[in-house]
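Colleague: Below: one structure in structure tokens.
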Amino acid sequence: MSSRSLLSASGLALLAASCLVEVRDLRVGSGGSGEGGEAPVTTVGGAGGTSPVTASCPDDMVHVVDADRGVDFCIDATEVTQASYLKFLAALNGTPSQPTACASNTELTHTPDGTCPDFATASDLPVYCVDWCDARAYCEWAGRRLCRGLDGEALGFDEGPVAGEWHFACSGGLSKPYPYGDSPDPSACHIDGMIDKAPVMSFPKCEGGYPGIFDMQGNVHEWVDACESDAPTARCRVRGGGTYGSATQWACNRVEDQMGVDRLDPDNRTVGIRCCRDPD
Numbered sequence: 009m010s011s012r013s014l015l016s017a018s019g020l021a022l023l024a025a026s027c028l029v030e031v032r033d034l035r036v037g038s039g040g041s042g043e044g045g046e047a048p049v050t051t052v053g054g055a056g057g058t059s060p061v062t063a064s065c066p067d068d069m070v071h072v073v074d075a076d077r078g079v080d081f082c083i084d085a086t087e088v089t090q091a092s093y094l095k096f097l098a099a100l101n102g103t104p105s106q107p108t109a110c111a112s113n114t115e116l117t118h119t120p121d122g123t124c125p126d127f128a129t130a131s132d133l134p135v136y137c138v139d140w141c142d143a144r145a146y147c148e149w150a151g152r153r154l155c156r157g158l159d160g161e162a163l164g165f166d167e168g169p170v171a172g173e174w175h176f177a178c179s180g181g182l183s184k185p186y187p188y189g190d191s192p193d194p195s196a197c198h199i200d201g202m203i204d205k206a207p208v209m210s211f212p213k214c215e216g217g218y219p220g221i222f223d224m225q226g227n228v229h230e231w232v233d234a235c236e237s238d239a240p241t242a243r244c245r246v247r248g249g250g251t252y253g254s255a256t257q258w259a260c261n262r263v264e265d266q267m268g269v270d271r272l273d274p275d276n277r278t279v280g281i282r283c284c285r286d287p288d
């Protein structure tokens, strides 16, 4: 081989080494049960000599990481299912420990006027008719937490969604307005006036912003850690979108008055749960 060929080959090898990016294991389990195994996630450095870093998320979560922005968290691959919430209820021995804002939350199942799910029936439908305190208690039981700000703190109620983990995951790292792409798709997700909920992951096109995350648009809204105050009567934010409205309406950065719901209001058939956590 000529010296020129050797130099070309060496240059290509260096170029390839400098372009190495993170390798993520995005194995998806079912329904955010909190019982999944650990899926190793390795971040590989480039030609500058960065040491490999190993992190892990449960296998029913997706690892969202952006080293340049200092972003690193796990998010449930799906909305929490009724089956997973039923496991939570069965595991309780009385009312779990809760913060002062949730001190009056002594009932973790709500069936006002028969409009809420049968909490004795396990299914792959997303759980709904859960208030903010219920969602917080479930996520804590599962070893997780409500999604919060990218800085690791609770979001302010009036802080834009762009500052949050939920939006970062929905938008594929701030790269697109809808979880599945740049334009609204009325057929992608469970939306547009559909009253009944759909089993999680039953709309394959409703995947994203990162591979392995489903139903970030439609089906049910999802509580996040963003409340007006610690008062029991304060409103807290929800993200995503219920089955009403339109695909155009429910962009990842959607925010308006109706995205604030009373912390202890369970009588809402459109609000469910999706948890986040820090990687191991």
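Letter 50 of the sequence shown, counting from 1, is numbered 58 in my numbering, and no numbers are missing. Backbone N, C-alpha and C fix where the C-beta goes; we use that ideal spot for every residue, glycine too.
1. Can you tell me where the beta strand (DSSP E) holding residue 230 begins and where it ends?
2. At a threshold of 8 Å, does residue 77 count as lining the ligand HEM (C-beta to nearest heavy atom)?
3. Report the rounded CA-to-CA distance for residue 284 versus residue 191, giving the unit in angstroms.
4. Give me the residue from 78, 105, 260, 272 with the minimum Cα distance to residue 238.
5. Taking all protein chains shown into account, decide if residue 77 is buried (16 or more other Cβ within 10 angstroms of its Cβ) or exposed.
6. As an exercise, report each continuous alpha helix (DSSP H) stretch of at least 4 residues that is fully enclosed by the segment 158–238, in chain order.
7. I need the boundaries of the alpha helix (DSSP H) containing residue 284, first residue and last residue.
8. Compare the C-alpha of residue 103 against each of 92, 95, 116 and name the closest.
9. Check residue 108 in the structure and name its three-state DSSP category.
10. If you pair each beta-carbon of the segment 71–91 with each one of the segment 135–148, do three or more pairs fall below 8 Å?
11. Is there contact here, the segment 161–171 with the segment 93–113, by at least three beta-carbon pairs under 8 Å?
12. For residue 177 and residue 234, what's the separation of their Cα atoms in angstroms?
13. Quick one, are the C-beta atoms of residue 155 and residue 230 less than 9 Å apart?
14. Residues bridged to residue 89 by DSSP?
15. Would the beta-carbon of residue 207 fall within 9 Å of that of residue 64?
16. State the DSSP-derived secondary structure class of residue 77, mapped to helix, strand or coil.
17. How big is the Cα-Cα spacing for residue 151 and residue 269?
18. Excluding the five sequence neighbours on either side, which residues of its own chain have a C-beta within less than 7 Å of the C-beta of residue 276, listed in chain order?
19. Residue 4: buried (16+ other C-beta within 10 angstroms of its C-beta) or exposed?
Modeller: On the basis of the coordinates in this document:
1. It spans 229–235 - the beta strand (DSSP E) in which residue 230 sits, taken as one unbroken run.
2. The model depicted lacks the ligand HEM and carries no ligand whatsoever.
3. Between residue 284 and residue 191, the C-alpha separation is close to 26 Å.
4. Of the candidates 78, 105, 260, 272, the one whose C-alpha sits nearest the C-alpha of residue 238 is 272.
5. It counts as exposed.
6. Segments of the alpha helix (DSSP H) lying fully in the segment 158–238: 173–178.
7. Segment 283–285 is the beta strand (DSSP E) holding residue 284; no alpha helix (DSSP H) there.
8. Nearest in C-alpha terms to residue 103, of all of 92, 95, 116, is 116.
9. Helix at residue 108.
10. A contact exists between the segment 71–91 and the segment 135–148.
11. By the criterion of at least three beta-carbon pairs nearer than 8 Å, the segment 161–171 is not in contact with the segment 93–113.
12. Those two C-alpha atoms are separated by around 16 Å.
13. Cβ atoms of residue 155 and residue 230: closer than 9 Å.
14. In DSSP, residue 89 forms a bridge with 134.
15. In this structure, residue 207 keeps its C-beta atom at 9 Å or more from the C-beta atom of residue 64.
16. Note: residue 77 maps to helix in three-state DSSP.
17. When rounded, the distance between both Cα atoms is 25 Å.
18. The residues are 137, 269.
19. Because the chain is modelled from 9 through 288, residue 4 falls outside the range shown and cannot be assessed.
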